[in-house]
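Position one of the sequence shown corresponds to residue 0 (numbering that gives the first Met the number 0), numbered consecutively onward.
The structure appears below as structure tokens.
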Amino acid sequence: MCKPTAKESNSKHQVYKNEQDKSLIPTLAVSLWLGWMGLLTYTIIFAVTLATPFQRKVIISILAISFILPPAFPGKLGNRIGSWIMKEAEKYFGLKVTIENEIAFHKLNEEGKTAIFATEPHDLLPFGVFVYNSCLGYLPGEIGKTARVLMTGAIFKLPIIKHVYTWVGGLPVDKKTFRSRLANNQCVAFCPGGVQEVILIDPKNKDDLILFLQSRKGFIKLALETGTAIVPTFIFNLDNSFGYLIPRGKFMSNIARKIGFLPVFFWGRFY
């Protein structure tokens, strides 16, 4: 990730707006970021059903190599690609960020403290969390420089996808990572409701807002233990971003809890 841009100020209420741009370059960048989930699925289906023996070997070899390589591969180059993706995503979505009290962030930085950004809703895919990427510079000082988004560890076991999500600043949302970052005074952001909110989505009531928070108290305990501030954050306009088909039933719910995500069939602008 690159250095934050100069979006810092000493005023309290701040609104940052970006003009939406869905031209070729921003579209390619967002496709490289979010499109891999669909592309990986289609690639596997193709390899199993229609691919020639040679094509199948090539696909298996690429996926196997990616599976073996560390998520951060290829290091600084990957970080530069991730920074480019985030900046283009900012244009693609026409990102608007409202900070209610920016002075409070400056105060935390002066006191040498950090923050936990509890972000809702999860919805089908909480792509709005890219706002925390240090390249975009919306958060001032050390909070902005150290901010990383914690997400289901299952992502970092999937070939190709694990690299892309590491490039854009993702880390596994396990207790070890959480504690380690807070102990080192490093900012974290995550969606407390997690996969449970996806399970509760009702296609018949698409306008319903799903929040699963009542039993999500672990991060509050960690904040109290470490003296870390909790910043509640809300992402607008995630709903209806994708078409989707969600498998139902207790069996699928149990699988989702064990693997960290719900196997969902979803489609967007091009797939």
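Ideal Cβ positions, reconstructed from N, Cα and C, are used throughout, including at glycine.
Query - CA-to-CA distance, residue 168 to residue 98, given in whole angstroms - result: 21 angstroms
Query - Coil, strand or helix - residue 159 by DSSP - result: coil
Query - Close beta carbons around residue 203, own chain, < 6 angstroms, minus the five adjacent residues each side - result: Cβ neighbours of residue 203 within its own chain (closer than 6 angstroms, five residues either side excluded): none.
Query raised in the report: Does the distance from the CB of residue 227 to the CB of residue 170 come in under 8 angstroms?
Result: no
Requested in this report: Measure the C-alpha to C-alpha separation of residue 296 and residue 163 and round it to an integer number of angstroms.
Outcome: What the structure shows of the chain is the stretch from 0 to 270, and residue 296 is not part of that stretch, so it cannot be assessed.
Query - Given residue 34 as reference, the closest of 165, 190, 225 and 160 once Cα atoms are compared - result: 160
Query raised in the report: Cα-Cα, which of 60, 117, 188 and 212 is closest to residue 132?
Result: 188
Requested in this report: Could you name the residues that DSSP lists as bridge partners for residue 266?
Outcome: 242
Query - Identity of the residues DSSP links to residue 99 by a beta bridge - result: DSSP output for residue 99 lists no bridge partner at all.
**Report entry** residue 39 and residue 199 closer than 8 angstroms at C-beta
**Finding:** no
**Report entry** Start-to-end residues for the alpha helix (DSSP H) that takes in residue 16
**Finding:** Element bounds for residue 16: not the alpha helix (DSSP H) but the beta strand (DSSP E), 13-16.
**Report entry** C-beta atoms of residue 210 and residue 125 nearer than 8 angstroms
**Finding:** no
Query raised in the report: Under three-state DSSP, which class holds residue 272?
Result: Nothing about residue 272 can be reported from this structure: the residues present for the chain run from 0 to 270 only.
**Report entry** For residue 142 and residue 100, the rounded distance between their alpha carbons
**Finding:** 14 angstroms
Query raised in the report: DSSP on residue 215, reduced to helix/strand/coil?
Result: coil
Report task. Spell out the partners DSSP gives residue 119 in its beta bridges. Result -> Its beta-bridge partners are 233.
Report task. Assign residue 276 to one of two classes, buried (16 or more other C-beta atoms within 10 Å of its C-beta) or exposed (fewer than that). Result -> The question about residue 276 has no answer here: the residues shown for the chain are numbered 0 through 270.
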